[in-house]
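Please read the structure below before turning to the comments.
Residue numbers (the working numbering): 58 to 202.
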């Protein structure tokens, strides 16, 4: 249970950061600068926020479905393609947490789903149960001396 809670920690933190900062997000667009699908070539997929010019790694935020990106690449329309996003500016107080958990740029679909309290709650319960079981296993039994 502890391992599951640990694996879910980043997703839970992301949900909490989204909920806390929901009002600070603004609708914007991200323009794909490069995303190379050629076999055997290293790719550094980048995009930029249209309003601010801030550049970011696409694969860190998942703003574009891979199948859609592949189809756009095949048609030669990927570079310069604009994707609607919600953007939390770096000047906002909680933006420093983005280096730990990527949350500042959300696809329109992700953002409109809103905050789900289920994942952080389940993660918290798993963590508490793991600690309780661990502590129970460390206690010496009453029959042994």
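Ideal placement from N, C-alpha and C gives every residue a C-beta, glycine not left out. All values derive from a computational prediction rather than experimental measurement.
Could you tell me the alpha carbon to alpha carbon distance between residue i and residue j, rounded to whole angstroms?
{"i": "residue 136", "j": "residue 190", "result": "52 Å"}
{"i": "residue 115", "j": "residue 182", "result": "33 Å"}
{"i": "residue 79", "j": "residue 188", "result": "32 Å"}
{"i": "residue 72", "j": "residue 93", "result": "30 Å"}
{"i": "residue 192", "j": "residue 139", "result": "52 Å"}
{"i": "residue 110", "j": "residue 123", "result": "23 Å"}
{"i": "residue 158", "j": "residue 70", "result": "7 Å"}
{"i": "residue 153", "j": "residue 81", "result": "14 Å"}
{"i": "residue 46", "j": "residue 178", "result": "Residue 46 falls outside the range modelled here, since the chain spans only 58 to 202, and no answer is possible."}
{"i": "residue 125", "j": "residue 108", "result": "23 Å"}
{"i": "residue 117", "j": "residue 101", "result": "11 Å"}
{"i": "residue 147", "j": "residue 113", "result": "12 Å"}
{"i": "residue 149", "j": "residue 68", "result": "21 Å"}
{"i": "residue 170", "j": "residue 134", "result": "28 Å"}
Tell me residue i's beta-bridge partners as DSSP assigns them.
{"i": "residue 104", "result": "89, 113"}
{"i": "residue 140", "result": "87"}
{"i": "residue 163", "result": "143"}
Is the beta carbon of residue i less than 8 Å from the beta carbon of residue j?
{"i": "residue 84", "j": "residue 143", "result": "yes"}
{"i": "residue 103", "j": "residue 91", "result": "yes"}
{"i": "residue 86", "j": "residue 141", "result": "yes"}
Applying the criterion that 16 or more other CB atoms from any shown protein chain within 10 Å of the CB defines a buried residue, is residue i buried or exposed?
{"i": "residue 76", "result": "exposed"}
{"i": "residue 119", "result": "exposed"}
{"i": "residue 161", "result": "buried"}
{"i": "residue 74", "result": "buried"}
{"i": "residue 121", "result": "buried"}
{"i": "residue 155", "result": "buried"}
Inset, instruction - Could you tell me whether the stretch 128-135 touches the stretch 151-169, using the rule of 3 or more Cβ pairs below 8 Å? - result: no
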